[in-house]
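Q: I'd like to ask you about the structure that follows.
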Amino acid sequence: MKKIIILLLLVLMTENAFGETHFSIEKDTLLSPHSAQSANIEFYFNSSFAADKTRLTPTSAAFRLEDARIYMYGNYNKDLSYNVRFRLNRPFTPTSQDNASVALDMAFLTYRFGKDRQWDLRLGKAYAMIGSYEIDIHPLYEYIYGDYLAYIVNPFLGVLQVGYAINERHKVGLQGHNTLNANFADHLQNNGFVAGDYVASRAPIGGYAYWTGSFFDGALHTNYSYNVSQFAQDYYTHTVSLGHQLTLGKHSAYIDLMYSHMGADYALVASKILNQYEGQSDKLMYKNIVYKGVISRYEYQIDDYWSVSAKLAVELAGSKNKISEHFRQNYSYFLAVQYEPFKTQDFRFYGAYIGNTVNYAEALNMPYEQFHRVALGAAYTLPVLKKSVTLPREK
């Protein structure tokens, strides 16, 4: 708990230190203009015809709405910007910890200030500052996500964030956040778990310290983060995430490395297995659970219209106390071909094979899991509205 409070105090102390930065404000920047300087509304759409097969079930096929989102973003003026994005195929019921919803990806304001606007302050529900490029890729382009963004970390959460741009290539910052979007009781109950001897944290929050960098004229980008958080009282989670992205001509790739140690396993992936292995009548969170992973993606732009992409994620789950640190091995992968008929529109047809394999340690005596999907579909980022207003030059 003390570690988390220290991180949040650092956020607030850093914000307070801005008063020593020499910059002048001649007028209230929120009084002008009368409407947003720029406004954009985009509709994300992904629909497919897909055939699925698992190890235990026969092939089944259906037309699927894979994704549908509305994204609104822009600048109120040169200091204040806004971002709102929500999913149309997710429930809008408020979540118990942050009063948002599963459907709401983000709704936040960013205020930039300082002599060169090198400082920024962010407040609302936003994306976590995870050292990852998997979270940075347009959601229509990722055909499968692994355990990391699905269970281990919370990708969209309530935040208070402060960042500082050292120069055009490097930025550092701190982000305070809710650990989960649901409270302690609801999270366990919704997943069929009981609290047992655990007590809900009085402050189920955490903090990221992050650094982003750019090297070799933007060919290589790095995104590193360290996180500490608490969900159950006196049990801490520590996570290190190292993201790398490389672009060379028509080739682009990323590789993310992650390690997480959970004092109390609120991700529940490993705990579900251990509860089954030990025959627990009431499912409990286990202690000292470890998650590790390598997530990589490659894309090649063949010409102006055709591209191919592939992904491989290897993620391990285990315990420092029982069996091993890698008693569950999760493999996620896809191979896709994309065709974009219009140079000026983000519209593409695709054909993709998507797969997932889960293996278990021999000691668990559990059969492996296998998932296959073949999909033919189309994805479109539709620009519904683009508005830009030129402001009068400041005197």
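Here the sequence shown stands for residues -19 to -1, 1 to 376, numbered as in mature numbering (1 follows the signal peptide of the UniProt record, and there is no 0).
Positions of the beta carbon are idealized from the N, C-alpha and C atoms, including for glycine.
1. Suppose the cutoff is 7 Å on Cβ atoms and the five residues either side in sequence are ignored; what does the same chain contact list for Phe24 look like?
2. Taking all protein chains shown into account, do 16 or more other C-beta atoms lie within 10 angstroms of the C-beta of Ile133, making it buried, or fewer, making it exposed?
3. Assign Lys292 to one of two classes, buried (16 or more other C-beta atoms within 10 Å of its C-beta) or exposed (fewer than that).
4. What is the rounded straight-line gap between the Cα of residue 379 and the Cα of Tyr122?
5. Kindly indicate which residue of Phe30, Asp284, Lys34 and Phe212 has the alpha-carbon position closest to the one of Arg45.
6. DSSP on Lys253, reduced to helix/strand/coil?
7. Alpha carbon to alpha carbon, how far is His169 from Glu259?
8. Leaving out the 5 sequence neighbours to the left and right, which residues in its chain are closer than 8 Å to residue 378 when beta-carbon positions are compared?
9. Tell me the residue span of the beta strand (DSSP E) that contains Asn21.
10. In chain order, what residues of the same chain lie with their CB nearer than 6 Å to the CB of Ala359, ignoring the 5 residues before and after it?
11. By DSSP's criteria, Ser241 is part of a beta bridge. Which residues make up the other side?
12. When burial is assigned at 16 or more other CB atoms within 10 Å of the CB, is Gln211 buried or exposed?
13. To which residues of the same chain is Arg71 closer than 7 Å at the C-beta, ignoring the five residues directly before and after it?
14. Cα separation between Ile125 and Lys96?
15. What do you reckon, are the CB atoms on Ala317 and Val289 nearer than 8 Å?
16. Sort Trp287, Tyr286, Gln326 and Ser241 by Cα distance to His307 and report the nearest one.
17. Taking 8 Å as the cut-off, does the region 218 to 237 touch the region 176 to 186 (at least 3 CB pairs, one atom from each stretch)?
18. How big is the Cα-Cα spacing for Lys253 and Glu350?
19. Rounded to whole angstroms, what's the CA-CA distance from Thr38 to Thr228? Just pull it up for me.
20. Going by the beta-carbon positions, is the gap between Pro136 and Ile118 smaller than 8 Å?
21. Would you list, in sequence order, the uninterrupted beta strand (DSSP E) runs of no fewer than 3 residues that lie entirely inside the region 281 to 346?
22. When the cut-off is 8 Å and only beta carbons count, does Ala166 lie next to chain D?
23. Report yes if the CB atom of Val271 is closer than 8 Å to the CB atom of Gly299, and no otherwise.
24. Excluding the 5 residues preceding and the 5 following Gln226 in the sequence, name in chain order all residues of the same chain whose CB lies nearer than 6 Å to its CB.
25. Is Leu223 closer than 8 Å to Tyr205 when the C-beta atoms are compared?
26. Within the same chain, show all residues whose beta-carbon is closer than 8 Å to that of Tyr108, passing over the 5 residues directly before and after it, in chain order.
27. Out of Val65, Asp198, Asn64 and Asp215, state which residue places its alpha-carbon closest to the alpha-carbon of Pro185.
28. Note the first and the last residue of the continuous alpha helix (DSSP H) segment covering Phe94.
29. With a 10 Å radius around its C-beta and 16 neighbouring C-beta atoms as the bar for buried, classify Ala166 as buried or exposed.
30. Could you pull the start and end residues of the alpha helix (DSSP H) that His168 belongs to?
31. Is Asp79 closer than 8 Å to Asn159 when the C-beta atoms are compared?
32. Measure the C-alpha to C-alpha separation of Pro322 and Ile283 and round it to an integer number of angstroms.
33. At which residues does the beta strand (DSSP E) containing Gln142 begin and terminate?
34. Given that a residue counts as buried once 16 or more other Cβ atoms are within 10 Å of its Cβ, and exposed if not, what is Gln326?
35. Using C-beta distances below 7 Å, list every residue in its chain close to Gly154, excluding the 5 sequence neighbours before and after it, in chain order.
A: For this structure:
1. Only Ile51, Leu363 and Val365 meet the Cβ criterion.
2. Ile133 is buried by the Cβ-count criterion.
3. The residue is buried, with at least 16 neighbouring Cβ atoms inside 10 Å.
4. Nothing about residue 379 can be reported from this structure: the residues present for the chain run from -19 to 376 only.
5. That would be Phe30, whose Cα lies nearest to the Cα of Arg45.
6. DSSP, reduced to helix, strand and coil, places Lys253 within a helical segment of the structure shown.
7. Correcting the residue identity first, residue 169 is Leu in this sequence and not His. Distance between Leu169 and Glu259, taken at the CA atoms: about 19 Å.
8. Past the boundaries of the shown model lies residue 378; the chain is included only from -19 to 376, so the question cannot be answered.
9. Taken as a continuous stretch (DSSP letters only), the beta strand (DSSP E) holding Asn21 covers Ser19 to Thr35.
10. If we look at Ala359 and ignore the five residues flanking it on each side, its Cβ neighbours are Phe330.
11. Looking at the DSSP assignment, Ser241 forms a beta bridge with Thr220 and Tyr272.
12. It is buried - the Cβ of Gln211 has at least 16 other Cβ atoms within 10 Å.
13. Excluding residues within five positions, the ones whose Cβ falls inside 7 Å are Val83 and Ala84.
14. For Ile125 and Lys96, the distance between alpha carbons rounds to 42 Å.
15. Contact annotation: Ala317 and Val289 have beta-carbon atoms nearer than 8 Å.
16. Cα-wise, what sits closest to His307 is Ser241.
17. Flag = no, the region 176 to 186 and the region 218 to 237 do not touch.
18. Straight across, the Cα-Cα distance linking Lys253 with Glu350 is about 15 Å.
19. Thr38 and Thr228: Cα-Cα distance of roughly 40 Å.
20. Here Pro136 is not near Ile118, since their CB atoms are 8 Å or more apart.
21. Counting whole runs of 3 or more residues, the region 281 to 346 contains the beta strand (DSSP E) stretches 287 to 300, 309 to 320 and 327 to 341.
22. No chain D is part of this structure, which consists of one protein chain only.
23. Taking 8 Å as the Cβ cut-off, Val271 and Gly299 qualify as a contacting pair.
24. Counting only Cβ-Cβ distances below 6 Å, and skipping sequence neighbours, we find Tyr114, His202 and Tyr235.
25. For Tyr205 and Leu223, yes; Cβs fall inside 8 Å.
26. The residues are Asp86, Met87, Ile116, Pro136 and Phe137.
27. Of the listed residues, the one whose Cα sits closest to Pro185 is Asp215.
28. Unbroken run through Phe94 is the beta strand (DSSP E), Leu85 to Phe94; no alpha helix (DSSP H).
29. With fewer than 16 other Cβ atoms within 10 Å, it is exposed.
30. That run of the alpha helix (DSSP H) goes Phe165 to Asn171.
31. Between Asn159 and Asp79, the CB-CB gap stays under 8 Å.
32. Taken atom to atom, the span from the alpha-carbon of Pro322 to that of Ile283 is near 13 Å.
33. Boundaries of the beta strand (DSSP E) around Gln142: Phe137 to Ala146.
34. Exposed: under 16 other Cβ atoms inside 10 Å.
35. Correct list, in chain order: Met110, Gln142, Val143, Gly144, Tyr145 and Tyr191.
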